[in-house]
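Have a look at the structure below before the remarks.
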Amino acid sequence: MIQENIDITRRHTFGIATRARAWADYSSVDELRILLQEAHKQQWAYMPIGEGSNLLFVKNYEGLLLHSAIKSLNVTTSLNNEVLVQAGSGWIWDDFVAYCVAQGWYGVENLSYIPGTVGASAVQNVGAYGVEACDVIESVTLLATDTLKECTIKASDCGYGYRTSHFKGDWKGMYIVTAVTFRLSTTPHYTLDYGNLHQWVGDTPTLQGVRNAVIEIRRKKLPEPHELGSAGSFFVNPVISREHYSKLQEKHPDIPCYEIDEQRVKVPAAWLIDRLKWKGKSLGGAMVYPEQPLVIVNTGNAKAGHVVQLAQDIAFSVLMEFGIAITPEVNYIY
Ligand SMILES: Cc1cc2nc3c(=O)[nH]c(=O)nc-3n(C[C@H](O)[C@H](O)[C@H](O)COP(=O)(O)OP(=O)(O)OC[C@H]3O[C@@H](n4cnc5c(N)ncnc54)[C@H](O)[C@@H]3O)c2cc1C
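Now the structure itself:
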């Protein structure tokens, strides 16, 4: 099951030349247990990986990458216009979304075309067009990496927040997601009030129409991973105090924000970066994507160091001009 000393350049979407000590695909929880036992025995570091679409390998990975190929699908309940569907962690996220849309299940259509896997969606709390995975996740099924026992945790206990969860924080390394259960609706309801989605779908939306619109908009704005390497949005949108925001408005009256609560607002990192004219600027093989300044792309021969340096330079300039510390959304892997 284990392939050693492997080239993983094409197994993460940045496409930066990288090798790993070992790689293994597993298609059942029992296979995953065997792999974890082996990693413990060999005293290898290990890490779950999906499509590698939110990773920056800063150097070669000196451990075992565990790749889920668990593609189970179970409709556990269908009641009161709702369906509970459990998908294995190895499903490609967008295949899962396409399947749900084809079944007439509402809830994940706004998350169409996000790269990655079902397993990672529950770790990252993926989001787009006003919907986050945690809005529809019912529970997450996991394998504990120390006891090798399976457990299921309710979404309300997973610490979900904007692009985060306990799996990325306090619980990092403790669990591997093996399946995710989603609560979807069989009656039409849409979330169209984000960006220009309403404009695209018109006043008589359909489930498939929303999916098609999201895909079309995303294709215009974001690089296709197989054409131009990237890890999507490089930085998280920062949350700042209203006081800080008011001060910034004095110099930048057009600075946008989204309401968070009475004390805080969220500022689009893309706007901050754009205002500082980073679009299209490059360092070595790393470039700020001209269509979307939140994305750093690999123009072909980028090294991880180029991306790290460019990201640091961007963050420093944002800090100097706006007094805001922007942090990477991308997971740096050492
Ligand atoms: C072009 C592009 C556009 C993007 N657009 C969006 C967007 O609109 N919204 C958004 O939220 N994200 C977006 N992303 C980021 C990315 O698609 C998501 O973060 C996605 O969930 C990553 O999935 P993955 O399978 O590739 O995970 P990976 O990148 O392989 O891993 C991400 C993290 O999850 C962990 N992980 C992976 N699988 C498991 C598992 N089974 N159990 C436990 N931990 C696991 C990894 O260890 C790592 O810490 C985009 C990326 C790209 C390249």
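For the sequence shown, this note's numbering begins at 26 and goes up steadily by one.
The C-beta atom is built at its ideal place from N, Cα and C for all residues, glycine as well.
Model, not experiment: these values are computed from the prediction.
Closest in C-alpha terms to Phe-260, from the list Pro-248, Ser-103, Asn-356, Ser-52, comes Asn-356. Take the alpha-carbon of Leu-209 and the one of Lys-306: they are about 42 Å apart.
Nearest C-alpha to Trp-130 among Tyr-283, Asn-105, Ala-147: Asn-105. Closer than 7 Å to some heavy atom of ligand 1: that describes the Cβ of Ser-255. When secondary structure is reduced to three states using DSSP, Lys-197 falls in the coil class, being assigned neither helix nor strand.
For Pro-230, the shortest separation between its Cβ and any heavy atom of ligand 1 does not lie below 7 Å. Counting C-beta atoms within 10 angstroms of its own C-beta, Pro-250 has 16 or more neighbours from the protein chains shown and is therefore classed as buried.
A distance below 7 Å between beta-carbons, with the five flanking residues on each side excluded, links Val-343 to the following residues of its chain, in chain order: Leu-297, Ile-298, Leu-301, Ile-349, Ile-351.
The residue from Leu-167, Leu-91, Ile-321 with its alpha-carbon nearest to that of Arg-46 is Leu-91.
For Ser-190, the Cβ stays outside the 7 Å cut-off from all heavy atoms of ligand 1.
Put simply, the segment 220-230 does not touch the segment 171-184. Fewer than three CB pairs are less than 8 Å apart. In this structure, the alpha-carbon of Ala-145 lies about 10 Å from that of Phe-192. By the Cβ test, the segment 164-176 is in contact with the segment 196-204, since at least three Cβ pairs between them sit closer than 8 Å. Taking one beta carbon from each stretch, the segment 29-40 and the segment 73-83 have 3 or more pairs nearer than 8 Å; the two touch. By the 16-neighbour rule on beta-carbons within 10 angstroms, Cys-176 is exposed. In the three-state reduction of the DSSP assignment, Thr-34 falls in the helix class. When C-alpha distances from Leu-136 are compared across His-277, Pro-293, Ile-242, Gln-337, the shortest belongs to Ile-242. A direct Cα-to-Cα measurement between Glu-56 and Val-143 gives close to 18 Å. Pairing Val-161 with Ala-123, the inter-Cα distance amounts to about 15 Å. Counting the other CB atoms within 10 Å of its CB gives Ile-95 a total of 16 or more, which places it among the buried residues.
Residue range 254-258 is occupied by the beta strand (DSSP E) that includes Gly-257, with no alpha helix (DSSP H) assigned at that position. When secondary structure is reduced to three states using DSSP, Asn-79 falls in the coil class, being assigned neither helix nor strand. Look at Met-345: its beta carbon is at least 7 Å from all of the heavy atoms in ligand 1. Residue burial is scored here from C-beta neighbours: Tyr-359 has fewer than 16 other C-beta atoms within 10 angstroms and is therefore classed as exposed.
Counting only runs that start and end inside the segment 207-293, the beta strand (DSSP E) elements of at least 3 residues fall at 254-258, 264-266, 289-291. Residue nearest to Leu-253 within the set Gly-88, Val-313, Val-290, Glu-275 is Val-313 (criterion: CA-CA distance).
Across the structure, Leu-273 and Arg-188 are spaced so that their CA atoms are roughly 25 Å apart.
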